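Here it is in structure tokens:
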């Protein structure tokens, strides 16, 4: 019991850019934040890499503005040559591809989006992710995932 509590404490102190998550009902589906450039429009300094069903998709945390909600906006792999932060006024607008909700270990809702160097959320809920995967933009293949929490399971870099 004590070992489990110590592991939980160590993982919850994990910086966002080292956080690794598993989908609670389908643990082979993983998500992790990786460091990327930041600017005024994209201040988080991390991208979310989602690994599922043999593929990867990438998203940038986006602050929703006056509606108080936060989102994830689709992007290409930031590790590819020539990748840069997208124009925030171009593309699909500022309502993102799907909603993002982060929680601490006690399931208190965390305001804002994950940021490089800051503690990672212990749990994430992406309530509209399945809709975004079933109705993708820009010719991405359709897919589906259960609507469920992603839980922080490890703290390690790529």
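In the working numbering, the protein residues as written are 589 to 746.
Glycine included, C-beta positions come from ideal geometry on N, C-alpha and C.
Model, not experiment: these values are computed from the prediction.
Starting from residue 619 and walking both ways along the beta strand (DSSP E), at which residues does that stretch end? That run of the beta strand (DSSP E) goes 614-623.
Determine the burial state of residue 602: buried for a count of at least 16 other Cβ atoms within 10 Å of its Cβ, exposed for fewer. Counting Cβ neighbours within 10 Å, residue 602 comes out buried, since at least 16 surround it.
Which residue marks the beginning of the beta strand (DSSP E) containing residue 722, and which one marks its end? Premise fails: residue 722 lies in the alpha helix (DSSP H), 717-722, not in any beta strand (DSSP E).
Taking all protein chains shown into account, decide if residue 633 is buried (16 or more other Cβ within 10 angstroms of its Cβ) or exposed. Buried is the call here.
Does residue 695 pass the burial test, meaning 16 or more other C-beta atoms within 10 Å, or should it be called exposed? Counting the other Cβ atoms within 10 Å of the Cβ of residue 695 gives fewer than 16, which makes it exposed.
Taking the CB atoms as reference points, tell me whether residue 626 and residue 676 lie closer together than 8 Å. No, they are not a contact pair.
I need the straight-line Cα distance from residue 710 to residue 613, nearest angstrom please. Straight-line Cα distance between these residues: approximately 16 Å.
Rounded Cβ spacing between residue 649 and residue 658 (contact assumed at less than 8 Å): About 7 Å separates the two Cβ atoms, so the contact holds.
Have a look at residue 714 and residue 688 and give me their C-alpha separation to the nearest angstrom. Residue 714 and residue 688 have their C-alpha atoms spaced approximately 5 Å apart.
CA-CA distance, residue 754 and residue 722? Here the chain comprises residues numbered 589 to 746, so residue 754 is not present and cannot be evaluated.
Are residue 686 and residue 717 closer than 8 Å when you measure CB to CB? Remark: C-beta atoms of residue 686 and residue 717 approach each other more closely than 8 Å.
Confirm, please, whether the CB-CB distance from residue 739 to residue 610 is below 8 Å. The answer is yes: Cβ separation under 8 Å.
Please tell me whether residue 704 and residue 604 are closer than 8 Å, where the distance is taken between their beta carbons. A contact, by the Cβ cut-off of 8 Å.
Along the beta strand (DSSP E) that carries residue 659, what are the first and last residues, could you check? For residue 659, the enclosing beta strand (DSSP E) starts and ends at 658-663.
Please confirm whether any heavy atom of the ligand PLP lies closer than 7 Å to the CB of residue 645. Among the ligands in the structure shown, none appear at all, so the ligand PLP cannot be discussed.
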